[in-house]
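Protein chains in written order, with the numbering used here: chain P, 1 to 109; chain S, 110 to 319.
Every residue gets a Cβ at the ideal spot worked out from N, C-alpha and C, and that includes glycine.
In this text the structure is predicted, and so the values were computed from the model without any measurement.
1) Going along chain P, which residues have a C-beta under 7 Å from residue 289/S?
2) Based on the DSSP secondary-structure assignment, which residues constitute the bridge partners of residue 171/S?
3) Name the DSSP bridge partner or partners of residue 243/S?
4) Helix, strand or coil: how does DSSP classify residue 131/S here?
5) Which same chain residues end up closer than 7 Å to residue 292/S when comparing Cβ atoms and leaving out the 5 residues on each side of it in sequence?
6) Helix, strand or coil: how does DSSP classify residue 64/P here?
7) Please list the residues of the stretch 69-94 of chain P that have a C-beta atom closer than 9 Å to any C-beta atom in chain C, keeping them in chain order.
8) I'd like the span of the alpha helix (DSSP H) that includes residue 268/S, first residue to last.
9) Out of 287/S, 301/S, 309/S and 296/S, state which residue places its alpha-carbon closest to the alpha-carbon of residue 204/S.
10) Quick test of your reading: residue 220/S and residue 190/S, contact by CB under 8 Å. State the CB separation rounded to the nearest angstrom.
11) Using beta-carbon positions only, say whether residue 268/S and residue 84/P come within less than 9 Å of one another.
12) What does the Cβ neighbour count give for residue 35/P, buried or exposed, with the cut at 16 atoms within 10 Å?
13) Kindly indicate which three-state DSSP category residue 106/P falls into: helix, strand or coil?
14) Across the stretch 46-58 of chain P and the stretch 151-171 of chain S, are there enough close Cβ pairs to call them in contact, namely three or more that are closer than 8 Å?
15) Using the beta-carbon of each residue, which ones in chain S are nearer than 8 Å to residue 23/P?
16) Can you confirm whether residue 98/P, when its beta carbon is compared against all beta carbons of chain S, has any partner nearer than 9 Å?
17) When DSSP labels each residue in this structure, what does residue 43/P get in the three-state scheme?
18) At which residue ranges does the stretch 171-202 of chain S contain complete alpha helix (DSSP H) runs of 4 or more residues, listed in the order of the chain?
19) On the three-state DSSP scale, how would you describe residue 211/S?
20) Any idea if residue 217/S is buried or exposed, counting beta-carbon neighbours within 10 angstroms, 16 or more meaning buried?
21) Could you compute how far the alpha carbon of residue 300/S sits from the alpha carbon of residue 262/S?
22) Among the residues of its own chain, which have a CB less than 8 Å from the CB of residue 66/P, if the five just before and after it don't count?
23) Can you list the residues of chain P that residue 309/S reaches, using a CB-CB cut of under 8 Å?
24) Chain P beta carbons: is any one of them nearer than 9 Å to that of residue 260/S?
25) Verify whether the separation of the beta carbon atoms of residue 49/P and residue 31/P is less than 9 Å.
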């Protein structure tokens, strides 16, 4: 990435058209409809939560990249924000909560 | 040191002479807040997921009508408010104040509708004896996680509505710039993004399959 001048700062904003945002909106609605449909397919709960979170991650990525303009920002901003967040979430997922669940299982039944 | 070399140093993104991310500080601040706030919600959602998977007799009280239909409609309302918000930001940068304020008001109306529908949902659940500390199905954690997650989200939506109202008022008066609108948009989209996780995990994992 090269250093851009300040002049570009003001012009980089009018990215994305009404059409593009409407397409993203339709995709988000379709993914939501798919989730509601899947909720009634009697799947095993672990599989179900994996699918639902997976679909939600796709929706989150769509919102962040288009509605929140992250796709049109510099790569540096993405690298500042997203890897740290993903790392922290993975830490919670892998380290802290399995231990707390193990403690719950150690309770006298 | 020659002059060109010196200029090169000043223009380098890391020397303080230029903005490294080519965005204003308000926007960077909002992004950093959003990341830290996303970790709050992640902690709640992940702990909820573990509790949900660890409890075999987790209640499934949500019927198609009214709970799932209502919450699906709420998702639709929130997604549409995100669309009006992003269009508002676009017209703000085009300098169209009137159109921007109209889009912002549409976003605010969607936000208020979301909170009101959600409030009726809560009242229905209270009527059924579901509270944050107990419920008829004997799994108190259901109420604790449900009201904790949706309550924290509802507070965010309410704050967002007030925030957008202030921005719409100020932008209409010419007090605020398009950057202010964009930064408030980031917050609003984040609130929408969080609901994209709460809706499937809290509602769709507790549907009544009958």
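Considering the structure as presented:
1) The residue labelled residue 289/S in the question sits at position 180 within the second chain. Chain P residues near residue 289/S: none, gap ~13 Å exceeds 7 Å.
2) Counting from 1 along the second chain, the entry for residue 171/S is found at position 62. According to DSSP, residue 171/S bridges with 316/S.
3) If you number the second chain from 1, residue 243/S lands on position 134. In the DSSP output, where bridge partners are listed per residue, residue 243/S has 240/S.
4) Locating residue 131/S in the second chain gives position 22, where the first residue counts as 1. Coil at residue 131/S, not helix or strand.
5) Residue 292/S sits at position 183 when you count from the first residue of the second chain. Once the five neighbours on either side are set aside, the close Cβ partners of residue 292/S are 135, 136 and 139.
6) Walking along the first chain from the start, residue 64/P turns up at place 64. Three-state DSSP puts residue 64/P in a helix.
7) Any reference to chain C falls outside this structure, whose protein chains are P and S.
8) Indexing the second chain from 1 puts residue 268/S at position 159. Looking at the DSSP string, the run of the alpha helix (DSSP H) that includes residue 268/S is 249-282.
9) Looking up residue 204/S in the second chain gives position 95. Ranking 287/S, 301/S, 309/S and 296/S by Cα distance to residue 204/S puts 287/S first.
10) Looking up residue 220/S in the second chain gives position 111. Looking up residue 190/S in the second chain gives position 81. About 6 Å; that satisfies the 8 Å criterion.
11) Stepping through the second chain from its first residue, residue 268/S is reached at position 159. Stepping through the first chain from its first residue, residue 84/P is reached at position 84. No; because the gap between Cβ atoms is not below 9 Å, this pair is not in contact.
12) Within the first chain, residue 35/P is the residue found at index 35, counting from 1. Buried.
13) Along the first chain, read from residue 1 onward, the residue named residue 106/P stands at position 106. DSSP places residue 106/P in coil when its eight states are reduced to three.
14) yes
15) By 1-based counting over the first chain, the position of residue 23/P is 23. None at all; the shortest Cβ gap to chain S is about 11 Å.
16) The residue you call residue 98/P lines up with position 98 of the first chain. Closer than 9 Å: yes.
17) For the purposes of this step, residue 43/P is taken as residue 43 along the first chain, with counting starting at 1. Three-state result, residue 43/P: coil.
18) 178-202
19) To locate residue 211/S, count along the second chain from 1; it is residue 102. Helix, per DSSP.
20) Residue mapping note: residue 217/S aligns to position 108 of the second chain, counting from 1. Per the 10 Å Cβ criterion, buried.
21) Sequence index remark: in the second chain, residue 300/S carries index 191 (1-based). Sequence index remark: in the second chain, residue 262/S carries index 153 (1-based). About 7 Å.
22) Within the first chain, residue 66/P is the residue found at index 66, counting from 1. Excluding residues within five positions, the ones whose Cβ falls inside 8 Å are 16, 20, 21 and 24.
23) Here the question's residue 309/S lines up with position 200 in the second chain. Per Cβ cutoff of 8 Å: 35, 39, 52, 53, 55 and 56.
24) Here residue 260/S corresponds to residue number 151 of the second chain, with the count starting at 1. Answer no: the Cβ-Cβ gap between residue 260/S and chain P never drops below 9 Å.
25) What you label residue 49/P is simply residue 49 of the first chain in a count that begins at 1. What you label residue 31/P is simply residue 31 of the first chain in a count that begins at 1. Not a contact, by the Cβ cut-off of 9 Å.
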